[in-house]
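A.B. asks:
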Amino acid sequence: MEVITGFTVCLAALVLGLLATFSKRTKWIRVGRSPGPFGLNTKAAKKDFEQHGRALLREGYRKHKDKNFVVQSANKAVLIIAPKFLQEIRMLPETKLSHAQILMDYWVSEHIGGDLAMEGALHIDAVRGPLTRSLKSQVPIMQREYLRTSGFLFSQVPKDTNQINVHNFCYATVASITSTIFIGEDLAHGGGWDKIVMEYFPVAWGIRTVLKPWPRALRPIVKPFLLRDNQLEAILQKAESFLEEPIRRRREPDNQDVDILKFLSDYDSSPRKIALQIVGIITGALNTSTHALMQAIYHLCIHPEYIADIRAEASEALASEGGQWTYEVVKKLHLLDSFLKESLRLFAPEGMDITRMATSSITLSDGTHIPRGTSIAVAGEAMALDPAFYRDPETFDGRRFLKADGKPLSPEREFHGIEPGNAMWGAGRLTCPGRHYASALSKLIIANLVLKYDISFPEGQTEGPAGTPDDGNLVPDMAQAIVLTERA
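Converting from the sequence shown to the numbering used here requires adding 805 to each position, the first position being numbered 1.
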């Protein structure tokens, strides 16, 4: 009898504890389908968000703009922070709000090498510091690499259609330029580095897709059975072997290299870790920059009235520098800068920005308690469409961020800037370290493209491709081609 009574008491305590936890969670405003008591409907809620996430985030933002609300993403529950609380979270350190923890959780990083790559912040410091400071010397190298890669791509364009796949063009140019800037021209052009970079992401993503549905504790157990043909280790060994000798050379006292590989080699002793960091950063730049460039090209085809002025601006800027691509040329491309910023604002690839995990408990000024382990974000795409931040926000205006004289309204209104309403680059300590590089890269590629060609959608197409919804994000159409008409 005592055993039964003891069991009953323990069971009651467990149920009350679960109900108390559930009760606490329900104090958060719920948007979208609820996982239900004890998570019984979690699978359906995740599927609903995967398909309709952007619409749900917009709905939640519209109804509860000044309040925090929770959504069940395809990955996990996320607390969406209202814009008015952005000031409270923007300066919190990584020890309280961690981007690394979000990435590790989303990517099951311990199974793709991400746990080693994200030890410390050296790779972030390398992008925020040396890469940004060296842009003046890097732009001529970026131009050489663009001409090399685009020249090959353009030579493959069929003469009967003059069409080129936009994704392939953007992906290849971003990959070649970024690899060159990170490890140097000699390494990027030989030995199979491009193949290593291209192989890593699909294999890593495949591992993530297979293991993510499993509880973390079970992943090491099921991994050997689910991933019998795991190619990742072979790819990482190739990357490590490829960089081992260049790392040794960059550590020599008289070495004069100024690339990111040099910076990482000076401060870290592990070739495997450096290889993982280089591959990881390039992969991140590939996906974000490629998607932004694709949409900018689509917007140029939708709004061809901007092309002549963007082209004239680029021609004038180049003439002022003797026809040579320099960082000064990039900085003078004000109209293109505004156009790119507007394209990214109106077609934000990600519905949620400033995604972080609370690594310690946080309490906001309205009393909202954010427990340790909670994922948070802001509804970045919905903010970008808020008339409180942008006049006539649903309308594309390529000159939105310019004054009447064609100069930027302010530094924060430039492409890499962070004005109120813009969460694309993060905020405060949480800002993207590579945004200055992304700005220079994007302007160089688009300006070169319109200087050489008139671009348009294939005959009969007047609207841009819709893109594919994916967990609150919008993936640009990978199959879309444009017509290139070489200018006389």
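We treat Cβ as the ideally placed atom computed from N, Cα and C, and that holds for glycine.
Enumerate, from N- to C-terminal direction, the unbroken alpha helix (DSSP H) stretches of 4 or more residues contained entirely within the region 1101 to 1141.
C.D. replies: With a minimum length of 4 residues, the continuous alpha helix (DSSP H) runs that stay inside the region 1101 to 1141 are 1112 to 1125 and 1132 to 1136.
A.B. asks: Per the DSSP calculation, Gln877 is bridged to which residue(s)?
C.D. replies: Counting from 1 along the sequence shown, the entry for residue 877 is found at position 72. Gln877 is bridged to Ala882.
A.B. asks: By alpha-carbon positions, which one of Leu1169, Thr1273, Ile1251 and His1241 ends up nearest to Arg895?
C.D. replies: In the sequence shown, counting from the first residue as 1, residue 895 sits at position 90. The shortest C-alpha separation from Arg895 is found at Leu1169.
A.B. asks: Taking just the CA atoms, how far does Ile1083 sit from Leu1069?
C.D. replies: Position 264 of the sequence shown holds residue 1069. Position 278 of the sequence shown holds residue 1083. Each residue's Cα considered, the two are about 9 Å apart.
A.B. asks: Taking only runs of the beta strand (DSSP E) that begin and end inside the region 1149 to 1207, which ones reach a length of at least 3 residues, in chain order?
C.D. replies: Listed in chain order, the complete beta strand (DSSP E) runs (minimum 3 residues) inside the region 1149 to 1207 are 1158 to 1163 and 1180 to 1183.
A.B. asks: Could you tell me the boundaries of the beta strand (DSSP E) in which Ser1261 lies?
C.D. replies: By 1-based counting over the sequence shown, the position of residue 1261 is 456. Unbroken beta strand (DSSP E) run through Ser1261: Tyr1258 to Ser1261.
A.B. asks: Which one or two residues does DSSP pair with Pro1213 in a beta bridge?
C.D. replies: To locate residue 1213, count along the sequence shown from 1; it is residue 408. Paired residue(s): Leu1207.
A.B. asks: Once DSSP output is grouped into helix, strand and coil, what is the label at Ser1070?
C.D. replies: Position 265 of the sequence shown, counted from the first residue, corresponds to residue 1070. If DSSP states are grouped into helix, strand and coil, Ser1070 belongs with the helices.
A.B. asks: For my contact list, Leu1048 and Phe987 are in at a C-beta cut-off of 8 Å; report their separation, rounded to the angstrom.
C.D. replies: For the purposes of this step, residue 1048 is taken as the residue at position 243 of the sequence shown. For the purposes of this step, residue 987 is taken as the residue at position 182 of the sequence shown. Contact doesn't hold; Cβ gap of about 10 Å is too wide.
A.B. asks: Counting pairs of Cβ atoms below 8 Å between the region 1123 to 1137 and the region 940 to 948, do you hit three or more?
C.D. replies: Yes, they touch.
A.B. asks: Distance check for Arg1013 and Phe1201, CA to CA, integer angstroms please.
C.D. replies: Against the sequence shown, residue 1201 aligns to sequence position 396. Against the sequence shown, residue 1013 aligns to sequence position 208. Looking at the two C-alpha atoms, the distance is approximately 36 Å.
A.B. asks: Taking all protein chains shown into account, do 16 or more other C-beta atoms lie within 10 angstroms of the C-beta of Ser1166, making it buried, or fewer, making it exposed?
C.D. replies: What you label residue 1166 is simply residue 361 of the sequence shown in a count that begins at 1. Per the 10 Å Cβ criterion, exposed.
A.B. asks: Could you check what DSSP says for Ser981 in three-state terms: helix, strand or coil?
C.D. replies: Within the sequence shown, the letter at position 176 stands for residue 981. Reduced to three states, the DSSP call for Ser981 is helix.
A.B. asks: Which residues bound the alpha helix (DSSP H) around Gly940?
C.D. replies: If you number the sequence shown from 1, residue 940 lands on position 135. In the sequence under discussion, the amino acid at residue 940 is Leu, which differs from the Gly named in the question. Looking at the DSSP string, the run of the alpha helix (DSSP H) that includes Leu940 is Leu940 to Ser960.
A.B. asks: Would you identify the three-state DSSP class for Ser1143, choosing helix, strand or coil?
C.D. replies: As a first step, residue 1143 is located in the sequence shown; it is residue number 338 there, counting from the start. In the structure shown, Ser1143 sits in a helix (DSSP, three-state: H, G or I).
A.B. asks: Tell me the DSSP bridge mates of Val1288?
C.D. replies: Along the sequence shown, read from residue 1 onward, the residue named residue 1288 stands at position 483. For Val1288, which the question treats as bridged, DSSP gives the partners Gln968 and Ser1261.
A.B. asks: For Arg1077, collect the residues of the same chain with a Cβ closer than 6 Å to its Cβ; drop the 5 residues on either side in sequence, then sort them by chain order.
C.D. replies: As a first step, residue 1077 must be located in the sequence shown, where it is residue number 272. So the list reads Glu1045, once near-sequence residues are dropped.
A.B. asks: Please report the distance separating the alpha-carbon of Tyr1242 from that of Leu936.
C.D. replies: What you label residue 1242 is simply residue 437 of the sequence shown in a count that begins at 1. What you label residue 936 is simply residue 131 of the sequence shown in a count that begins at 1. Whole-angstrom Cα-Cα distance: 7 Å.
A.B. asks: Measure the C-alpha to C-alpha separation of Gly1156 and Gln1061 and round it to an integer number of angstroms.
C.D. replies: Indexing the sequence shown from 1 puts residue 1156 at position 351. Indexing the sequence shown from 1 puts residue 1061 at position 256. If you take the alpha carbons of Gly1156 and Gln1061, they lie about 43 Å apart.
A.B. asks: Looking only at its own chain, which residues have a Cβ that is under 6 Å from the Cβ of Ala922, when we skip the five neighbours before and after it?
C.D. replies: Residue 922 sits at position 117 when you count from the first residue of the sequence shown. Around Ala922: Leu1081, Gln1082 and Gly1085.
A.B. asks: What does DSSP give as the partner residues of Arg835 in its beta bridges?
C.D. replies: Numbered from its first residue, the sequence shown carries residue 835 at position 30. DSSP output for Arg835 lists Val875 as bridge partner(s).
A.B. asks: Do Gly1211 and Leu1140 have their beta-carbon atoms positioned less than 8 Å apart in this structure?
C.D. replies: Here the question's residue 1140 lines up with position 335 in the sequence shown. Here the question's residue 1211 lines up with position 406 in the sequence shown. Closer than 8 Å, so yes.
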